[in-house]
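Just so you know, the protein sequences line up as chains A and B, in that order.
With this note's numbering applied, the first sequence covers 3 to 137.
With this note's numbering applied, the second sequence covers 425 to 560.
For glycine and all other residues, C-beta sits at the position ideal for the given N, C-alpha and C.
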Amino acid sequence: MIRIRTRRRDRVDVADSGALSDIAFLLIIFFIVIAVFNVNSGFLLELPRRNSVTTINVDDLMRVAVRADNSIELDGQSVTREQLSQAVLARRRRQPNMTLVVTIHPDAWYQSLVSMVEVARLRDVDNFSFRMENP
Amino acid sequence: MRIRRPRRSPTVSVNAMSDIAFLLLIFIMLISLLNYREEEPIDYPEAALTEITQGDRNFEIWILRDGTMIVHGNALPLNAIEGMIADAVAADPSVRIHLLADRSTPYRHVADVIEVLQFLQHRVVSLVVSDTGGAR
C-alpha cells in the first residue's frame, strides 16, 4: 500500500501577518478625522451689555463702514481689506487705546463682519465695536 | 538516538477575527452616533487667526443665506429660538452659543440673533468660520 503524503498547508499567523497593525492604524486615523470634523473654530466674542454706555475719547475712534455691496469705507474713502488693516496698524501705533467702530449695512454679507473681526484680531485692537447701520 | 519532537508553531484562531471585526463595527457605529452632527449646507465665511471655540456643551444656531434659522435640524422663527436659548442657558449657564451662518447671509439676520443674545444677557458668542490658515 502506497502512502501518499500530503503536504500540510502552513498556517498563517494572523498576529505576524501585519493585518492587525494595519487595522489599528486605520482605526486611529478614523477617530482622529472624526474628532477634527466636529470641532468648531472661529472667533469668540464677548458682547457688551444691552444699552450699556462706554465713555471713549472721540480722538481714539476709528470709524469704518461696510456698505451694502460689501465695500469698506474709511474716513469717506473706499479701501480694501488690506489697506484697512494697514491703516488700523498705523493708528494703533499712534494711539494704543484706539477703538475700532464698524457700522455694517443690513444687506452686507456676514463675511464682512468676520473680516472686520479678523482685522481687529490681527492688529490686536482691544476695543472693537460693531453695529448695524440704521436702514 | 535522536528523538524527534513535533514542532508546533503558535497560531491565532482565525475564527475569532470575525467576532473582533463585528465588535469593531458596532463600536465604530456607536462612536459615529455620538459624534453625529446635523450639518446644514452653508458656505462658511473664511478667516485666518481663528481659535477653537468648542465648549463642553454647545448650542448651534445655523443661519442660511435666505435668513432661515435652524436649530437641532428644525427651521424655527426667531422667537422660538430665543426660547430655546433661554432654556439651554437656564439648564447650563456655561453652554457655548455658536453662530454658523453662510458667508453671504445678509448681516441683518445675524444682527437679529446677536440682539437676542444681548437681550438674554448671554454675552459670549462664537462666530464659526473656516480657517484659511493665514499668518500674521
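Closest Cα partner of residue i within the set the options
{"i": "A/I58", "options": "A/L115, A/E135 and A/M100", "result": "A/M100"}
{"i": "B/N498", "options": "B/D490, B/I485, B/R489 and B/A445", "result": "B/I485"}
{"i": "B/V540", "options": "A/V81, A/T56, A/D24 and A/R52", "result": "A/R52"}
{"i": "A/A67", "options": "A/D128, A/L115 and A/L46", "result": "A/L115"}
{"i": "B/T556", "options": "A/M134, A/S117 and A/F27", "result": "A/S117"}
{"i": "B/V479", "options": "B/L449, B/V495, B/A512 and B/R520", "result": "Checking the sequence shown, residue 479 of chain B turns out to be Gly, not Val. Nearest C-alpha to B/G479: B/R520."}
{"i": "B/D536", "options": "B/T474, B/A504, B/A512 and B/F446", "result": "B/A504"}
{"i": "B/V513", "options": "B/Q542, B/Y531 and B/L500", "result": "B/Q542"}
{"i": "A/P98", "options": "A/N129, A/V55 and A/V60", "result": "A/N129"}
{"i": "A/Y112", "options": "A/R123, A/D77, A/Q88 and A/D71", "result": "A/D71"}
{"i": "A/S54", "options": "A/S131, A/Q88 and A/V60", "result": "A/S131"}
Spatial neighbours of residue i in its chain, beta-carbon cut-off 8 angstroms, leaving aside the 5 residues before and after
{"i": "B/A559", "result": "Legend: pLDDT at B/A559 = 45, less than 50; position of this residue unreliable, value from coordinates given subsequently. A472."}
{"i": "A/V41", "result": "none"}
{"i": "B/L524", "result": "E464, I466, Y468, E484, I485, W486, I487 and V552"}
{"i": "B/A510", "result": "L544"}
{"i": "A/R69", "result": "E75, H107 and A110"}
{"i": "B/A440", "result": "none"}
{"i": "A/R83", "result": "I74, S117 and V121"}
{"i": "A/T56", "result": "P50"}
Proximity of residue i and residue j at Cβ, strictly below 8 angstroms
{"i": "B/L518", "j": "A/G44", "result": "The identity of residue 518 of chain B in the sequence shown is Ser, whereas the question assumes Leu. No, Cβ-Cβ distance for B/S518 and A/G44 is not below 8 angstroms."}
{"i": "B/R419", "j": "B/D516", "result": "Past the boundaries of the shown model lies residue 419 of chain B; chain B is included only from 425 to 560, so the question cannot be answered."}
{"i": "A/V90", "j": "A/R125", "result": "yes"}
{"i": "A/L49", "j": "B/T477", "result": "no"}
{"i": "B/G491", "j": "B/H533", "result": "yes"}
{"i": "A/L102", "j": "A/V127", "result": "yes"}
{"i": "A/L86", "j": "A/V121", "result": "yes"}
{"i": "B/E475", "j": "B/H496", "result": "no"}
{"i": "B/M493", "j": "B/L502", "result": "yes"}
Residue-level contact to chain E via CB, residue i, 8 angstroms cutoff
{"i": "B/A472", "result": "Here chain E cannot be found, since the structure's protein chains are A and B."}
Sequence-distant residues of the same chain with beta carbon closer than 6 angstroms to residue i, five excluded per side
{"i": "B/S554", "result": "Y468 and E470"}
{"i": "B/E506", "result": "V540"}
{"i": "A/D62", "result": "Q97, N99, M100 and T101"}
Own chain residues within Cβ distance below 7 angstroms of residue i, not counting five before or after
{"i": "A/R93", "result": "M64 and M100"}
{"i": "A/R133", "result": "T105"}
{"i": "B/R489", "result": "D526, S528 and T529"}
{"i": "A/S73", "result": "S80"}
{"i": "B/I455", "result": "none"}
For the segment 543-557 of chain B, enumerate the residues whose C-beta is nearer than 7 angstroms to any C-beta of chain A, in chain order.
-> If the cut-off is 7 angstroms between Cβ atoms, the segment 543-557 of chain B has F543, R547, V548, V549, S550, L551, V552, V553 and D555 near chain A.
With 8 angstroms as the C-beta to C-beta threshold (strictly closer), list the residues of the segment 489-520 of chain B near chain A in chain order.
-> Contact residues of the segment 489-520 of chain B toward chain A are absent (C-beta to C-beta distance below 8 angstroms).
Which residues, in order along the segment 102-126 of chain A, keep a beta-carbon less than 9 angstroms from a beta-carbon of chain B?
-> Shown in chain order are the members of the segment 102-126 of chain A whose Cβ falls below 9 angstroms from a Cβ of chain B: I106, H107, P108, D109, A110, W111, Y112, Q113, S114, L115, V116, S117, V119, E120, R123 and L124.
Which residues, in order along the segment 40-65 of chain A, keep a beta-carbon less than 8 angstroms from a beta-carbon of chain B?
-> Closer than 8 angstroms at the C-beta level to chain B, one finds these residues of the segment 40-65 of chain A: N40, V41, N42, S43, G44, F45, L46, L47, E48, L49, P50, R51 and R52.
Give the residues from the segment 528-543 of chain B that approach chain A closer than 7 angstroms (Cβ to any Cβ), ordered along the chain.
-> Result list: S528, T529, P530, Y531, R532, V534, A535, I538, L541, Q542 and F543.
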